[in-house]
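**Student:** I have a structure I would like to understand better, so I am pasting it below and will then ask my questions one at a time.
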Amino acid sequence: MLQLEREKAGNQLAEINKTKVALSKIDVSTTSQTVGLGSVIYTNQANYYIAISAGELTYNNQKFYAISPNTPIGILLMGKTINDAITFRVQNFKIKSVL
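The opening residue of the sequence shown carries number 2 in our numbering; numbering runs sequentially from there.
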């Protein structure tokens, strides 16, 4: 029983360290008009934050989806710029702004 708890704690620690490494790669001192790690993207359908998969977040009464660049929609958004469009699950997304 104790061994299982230790393994579980070890797995959680490994996941936390992985998340910490991913977040440390974000350069908050620069901005870009191209979607990349750390970008905030406003589209006509939803708003996204490209960093780690953390689900739905609310900031200033606006909803954002924190997604990893390796998720299916993250892959489609990476490298795009304002006015580019993507199609994901039969929905069309037009990028309105990239911060």
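No residue lacks a Cβ here, since even glycine has one placed at the ideal position from N, Cα and C.
Using 10 angstroms around the beta-carbon of T44, count the other beta-carbons present and answer buried if the total reaches 16, otherwise exposed.
**Tutor:** Walking along the sequence shown from the start, residue 44 turns up at place 43. Answer is buried; the Cβ neighbour count reaches 16.
**Student:** Identify whether I17 lies in helix, strand or coil by the three-state DSSP scheme.
**Tutor:** Counted from its first residue, the sequence shown places residue 17 at position 16. Correct three-state label for I17: helix.
**Student:** Whole alpha helix (DSSP H) runs in the stretch 21 to 82 with 4 or more residues, listed along the chain?
**Tutor:** The stretch 21 to 82 contains these whole alpha helix (DSSP H) runs: 73 to 78.
**Student:** Three Cβ pairs or more, each shorter than 8 Å: is that satisfied between the stretch 78 to 88 and the stretch 30 to 37?
**Tutor:** Counting Cβ pairs under 8 Å, three or more are found: they touch.
**Student:** Could you tell me whether any non-hydrogen atom of the ligand SAM is closer than 7 Å to the CB of V99?
**Tutor:** Looking at this structure, you won't find the ligand SAM or any other ligand, since it has none at all.
**Student:** For A67, would you say it is in contact with chain B, using Cβ-to-Cβ distances shorter than 8 Å as the test?
**Tutor:** Checking the listed chains, one finds no chain B in this structure; it contains a single protein chain.
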